[in-house]
Structure formats: structure tokens, C-alpha cells
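Asks: Attaching a single structure in C-alpha cells format; questions to follow.
In the numbering used here, the protein residues as written are 286 to 985.
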């Protein structure tokens, strides 16, 4: 290898001139190290094809093709493109990874004599094609394994750029490499796009199902993927698209706009339903909740309801056989609390990140994917995704399909070649849960996996713990991972909304599930990790909708400015409740006095009210004094939970105390005696007058 300083020393002056002029006055730009880096970045060599991708015989002719492009800004002379190789295979997966990621690892040292191409002059901006052929014998390959290969380009014998890759040689051997089982898991998970069931907060799904959208790409993959591929689907996403297919409303700033039925959404659902008809489908709990956060913040009932609702939606919209007993937690990470919560909710298999369940002691070989965890509800099978195989399904931007495929072949061949195998092992590849897939790459990897003789594609459900299993260290969950969860501050309002939402169902005679279950579960989505502000905006919208529904069953004529009158010391006061819902409700009316020294009342009665109707209860009250008093009227569910806010009514009493009644009675007696005396006196006077008149007549 030529050192960087020496590299710059022998660069042609025509090449150095534009680089030196690129940043005049910048000392750092003129250093040999920086100049060398700039040269490498502007002269590129790429490998376009390797055929066959896996040579199997010593005399198989392997064809390599590609291009070299000059973007240095100046013409280059005496350009040589060379195929480099090494006769020894990689010894383990660690060395294979180092070759790709550590650019200090040298490219293969051997150069095939027949695999050279000279270009007298490569103009600025020009591209030249190259093609080489070689056989395993010419490359010195003798045994099964993955070998480093590279194509480099030099000008005037100075290496300037190289493209590294891998070539796997698989001659007939005895014994044959074990045929390991590989389960590929592809997620179809998004974030919630609705607040309530009929109101979207954005219209981004329309773009995602468009020709260049992420969901459209997933549908393309599904149409060609082998039936052994396991698909993990969020039923909330299916629910969103189903709603779009029937027409929907979208919140735009402070306004709402109506959208027509989306034929694209209906078509996407049909495509996925048809494509996955014979494939294993796993349904996440509805809206993919942050189970770890729910376990830690006391929202223990939500996962079970999310699993139940997820099964319902997935069964109706994509597959009747969708499994809910498998869970893929956020980032593939769980702690024992979250595992226990899932296990009591019916989950018996979890798909985990390799860092969450590492081997008990470091290994130089690849461990089996399956292990067993203990939970409060019994054993749970843990399936650990291989990090490198998973990463290859979503490589860094700019990585070619060919290079990813060659790396995939090499990785799986290295696993098959690892010593000490007495039986096939199980492997799992699972890209990140909200990935942005490259359909051509994923399709190529799946097709390649299906034809490699040391692999057998299988479903996730078919992978079971081996005996004996590789000892695992137990669930590893760091303090930082705990901080990444949805916080207590975020979830507390959500917890309160859940309670309020359940009440809207409990008052109904038929006691169906709350109409707001889905809306509140969407607030628990793991997608709000790092996006709490957006989640809180949805929380406000859902809270307003729940309040509006709760207010449809309320006391009428309440308020301090509308007093009710209680005539006398005791009697009844009517209190009416209006049901503006469309269904019949059963509500308890609970009335208590706020001023028991003036007014005594302690009343509870159940009231059944039809949809769109009112009901009235007659509340008995007892007045100790005259004047105004208040009573608190609280509507309650049948089990005594408060429904809505309590209301205060003013009661105006005109009753009398016991002493007042005595005084009034005595006054009435005296008044009655006076009246009787007056009547008797008048009667006596009339008699005397008649007697005097009679005597006067006789005298005449």
C-alpha cells in the first residue's frame, strides 16, 4: 500500500492543479491527506454485476462488469482498472464486517494478470465500462467460503479508488454445509393519522400509497415475496386506509375539509389482502402501543384491549388468520415488566433486538435465534433478529443491490461454515419497524435466499428453541432505553381520557365497547416516541370529542340563576336528564344537599332514558329553614362512577320550623276565638233589635 503523502507526491500536475485552486487560501485544503481524499471522492469505480453470484465448480467462468467515472474536473492519463482478489477466505463474520467497514483494512493484494484494463485517457466527466473474467482456479479458491474481492482504479500506477465486495465459492463438499432456517420478517407499520374515527389530522397516507410512496413499495414487495415471508402489520394503519376508502375529513389548520372516497386506499388494501393470502401475518396490538411505557406508567389494561381490537381489524381487513400471540415491541426492546404485561395479554412469542437478549458469554459463532424467557404467565419464546442480516434489507443510501446481495450471500455462507454445528440453526432477519424499503433490493435478497443451498426460508412461527439452547444473559434494558419510552407526563392525560371514554359506554344499556377505544389507543402508539408534541395535539382533539359525547347526557335547567322552589317544609323537586345520544342509557341520579342545616336531601335513583329523550326523577326534600340552599346533582354509571361534571341547583325553600308552627297555631286560635265572639255578639244584637220592634208594633 502507498502512503497518502507518497500518493500526492506522484499525482500528475494536471490533476493537482484544480484541487489546489478549489479553495485558495485554505491551508487544510492543500494538505496531502485532504487532496488524496478529494481525489478518491471524485474518481469512482463501481461493480455492476457478478455472474454467477455463487460459483460452484473450479472451472466456472465468473464475469465481473462495471464502470469507472472521472469526476475530478480534469482528464486522467494511463488509467488502469484491475480486479484484485485473495486466495484465503474470511475466517469469521467479524473479519468479513471489518473488511467492509474499516477502510484501513487493505484491499486484496493479488491482481489477476488477465483482469486488467488500460485506458490511455479518461476525459473529465467521462465514464468507461470494464469487464473481467476469471475462474475459481485462477483466483486460487480451494474450499467453501466467502472471499474478499475488489476492483480498483489507478492513474500512472497510483491507486486512486476501489470498490470492495465479496465472492462466495460453494464447491461440492463432504459433508455439505448445514441448511440453516431463515425467517424474514417484514413490517407494515406506520404512525396514527387520525384523532377520532372520522377525523384525520393530516393527509400523508395519500402520498404513501401513491406510486412512489413507502406503502406502495411495500405492496410491490408483497406481490413477489415468497409465501414463507412473515408480515407484521399494524391494524390501525389498515383501519386508517379503510376509512379513507369510504370518504373522510381532514383537519387543515383550524378548518376541516372533506375528502372523497380514496380508490387508491381501497386498491392498496385489496393488493395486500390478495398478496398475503397464503403468507403468515402477525397483527401488532392496535396502533402499535409503547408496551414498555404502558407497563411502567400503570396503563395495564390497554395492551390487552389493543390486542383484541387489533385481531378484530386485521381479521376483517387483511387476513382471518392474522396472529396476535406474537409481539414485536418498539425497537425490539422489552424489560421483565413489559414481558409480563404481554404474557397475561395472550402473547407467547416476542421478536427482539440482539442487544436486548445477548448471549451469556461472548461468542465467536452465530447463536440460534430462539430462546426461552420466563414470565409471570409461563414461558415465552424469544426470537432474536440477526443485526447484520436485518441491516442488509435496508442498507445505507447509495448502496447498490448487487453489493448488498453479495454481502448477504457471504454472511449466510459464513454462518453455515462456522465450526461446531451438529444441526441446522435458526436465523431471523427483520429490518427496522418503520423502514423505507427498496423494492428491488428486498425482492433480490428474498429471491437469492430462496436459491442458496445452505438456507431454507421459513415462517417466524416455525422457529422454536433448540435443545440445548445457547445460554442467554436475560433481558438487558438500559436506563437510556427507559428514557426513550413515552413519559409519565405524556401518558397521564391519556390514562385519564381512557377512563372517561369507558364511561360513555358504561351508561349505555347494551354496554358495548367504548367508541373511543381506538382513538385513545392511537395516543399510546410507540410512534410518538420523540414526537410527543404531535401526540399531545391528538390528545387534545380526542379529549374534546370525549367531552362532547359525555355532555350529550346531562341535567337540564341547571344553574344558580334558575332556582327551584320547595313549597312547604317538605315536598318533591323534579330534576330532568336529557339523553341526546341515539341509544338508550341507564344513568343513576345522585342528589345531595350542600346546606344540610337548611335543606335535607340524600337521594339516588336509576333512570332509563331512550335515545333523543328526557327522563325526570322526583327528588324528596325536607326544609329546616326558609331561604335558598344548593344541592349537588351527580350523574353516575350503574357501578357508581361519576359521569360528567357535578351540577349545582339552587332550591328556594318556604317551609317553617316547629316553633314557628306553634306560634302560628296559637295566633290562629286567638283569631278564631275573636271571630266567634264577634259572631255571637252580632247575633245577640239582632235578637234584641227584633224584640224591640215587636213591642213597638203591639203598642200601636
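Don't be surprised by glycine CBs; every beta carbon is placed ideally from N, CA and C.
1) How big is the Cα-Cα spacing for residue 934 and residue 919?
2) Count the C-beta pairs between the segment 620-628 and the segment 576-589 that are closer than 8 Å, then say yes if the count reaches three, no if not.
3) For residue 449, is the classification buried or exposed, using 16 other Cβ atoms within 10 angstroms of its Cβ as the cut-off for buried?
4) Mind checking residue 902: buried by the 16 CB within 10 Å criterion, or exposed?
5) Is residue 310 helix, strand or coil when you go by DSSP?
6) Just curious, the beta strand (DSSP E) that residue 541 is in, first and last residue?
7) So, at 7 Å on beta carbons, what are the nonlocal neighbours of residue 887 in its own chain, with the 5 sequence-adjacent residues on each side left out?
8) So, helix, strand or coil for residue 414, using DSSP?
9) Between the alpha carbons of residue 501 and residue 889, how many angstroms are there, rounded?
10) Residue range of the alpha helix (DSSP H) that residue 560 falls in?
11) Can you give me the C-alpha to C-alpha distance between residue 469 and residue 393, rounded to a whole angstrom?
12) Quick one, which of 560, 513, 483 and 656 has its alpha-carbon nearest residue 827's?
13) If you drop the 5 nearest sequence neighbours on each side, which residues of the same chain put their C-beta closer than 6 Å to that of residue 416?
14) Quick one: Cα of residue 466 to Cα of residue 679, how far?
15) By DSSP's criteria, residue 494 is part of a beta bridge. Which residues make up the other side?
16) Can you confirm whether the segment 586-606 touches the segment 722-736 when touching is taken to mean that 3 or more C-beta pairs between the two stretches lie within less than 8 Å?
17) Under 8 Å, do residue 691 and residue 347 count as touching if we go by C-beta distance?
18) Which whole-angstrom value is the C-beta distance of residue 534 and residue 543, which I expect to be below 8 Å?
19) What are the start and end residues of each continuous alpha helix (DSSP H) run of 4 or more residues lying completely inside the segment 738-770, in chain order?
20) Do residue 518 and residue 480 have their C-beta atoms closer together than 8 Å?
21) Please classify residue 371 as buried or exposed, where buried requires at least 16 other C-beta atoms within 10 Å of its C-beta.
22) In chain order, what residues of the same chain lie with their CB nearer than 6 Å to the CB of residue 330, ignoring the 5 residues before and after it?
23) Apply the 10 Å Cβ neighbour rule to residue 496 and answer buried if 16 or more other Cβ atoms are within range, or exposed otherwise.
24) CA-CA distance, residue 942 and residue 881?
25) My understanding is that residue 811 touches residue 574, with C-beta atoms under 8 Å, so please give their C-beta distance in whole angstroms.
26) Secondary structure at residue 449, three-state DSSP: helix, strand or coil?
27) Which of the three DSSP states is assigned to residue 948 in this structure?
28) Are there 16 or more other CB atoms within 10 angstroms of the CB of residue 608, so buried, or fewer, so exposed?
29) Can the beta-carbon of residue 453 be found less than 8 Å from the beta-carbon of residue 698?
30) Hey, how far is the Cα of residue 555 from the Cα of residue 340?
31) Between which two residues does the alpha helix (DSSP H) holding residue 735 run?
32) Over what stretch of residues does the beta strand (DSSP E) that includes residue 889 continue unbroken?
33) Should residue 562 be labelled buried (16 or more other beta-carbon atoms within 10 Å of its own) or exposed?
34) Tell me the rounded alpha-carbon separation between residue 475 and residue 718.
35) Please list the terminal residues of the continuous alpha helix (DSSP H) segment that includes residue 818.
36) Please confirm whether any heavy atom of the ligand ZN lies closer than 7 Å to the CB of residue 914.
Replies: On the basis of the supplied data:
1) 11 Å
2) yes
3) buried
4) buried
5) Note that residue 310 has pLDDT 39, beneath the 50 cutoff, so the model's placement of it is unreliable and no number is given.
6) 540-544
7) 877
8) strand
9) 58 Å
10) 548-560
11) 32 Å
12) 483
13) 350
14) 21 Å
15) Answer by DSSP bridge pairing: none, since residue 494 is not bridged.
16) no
17) no
18) 6 Å
19) 764-768
20) no
21) buried
22) 353, 436, 438, 446 and 448
23) exposed
24) Caution applies to residue 942, whose pLDDT of 46 falls short of 50 and renders its modelled position unreliable; the value that the coordinates give is listed next. The alpha-carbon atoms of residue 942 and residue 881 are separated by roughly 14 Å.
25) 7 Å
26) strand
27) Residue confidence for residue 948 is low, a pLDDT of 45 falling below 50, so the modelled location carries little weight; the figure read from the coordinates is stated next. It is helical.
28) buried
29) yes
30) 41 Å
31) 724-736
32) 887-894
33) exposed
34) 9 Å
35) 817-835
36) Annotation note on the ligand ZN: not contained in the displayed structure, which lists no ligands.
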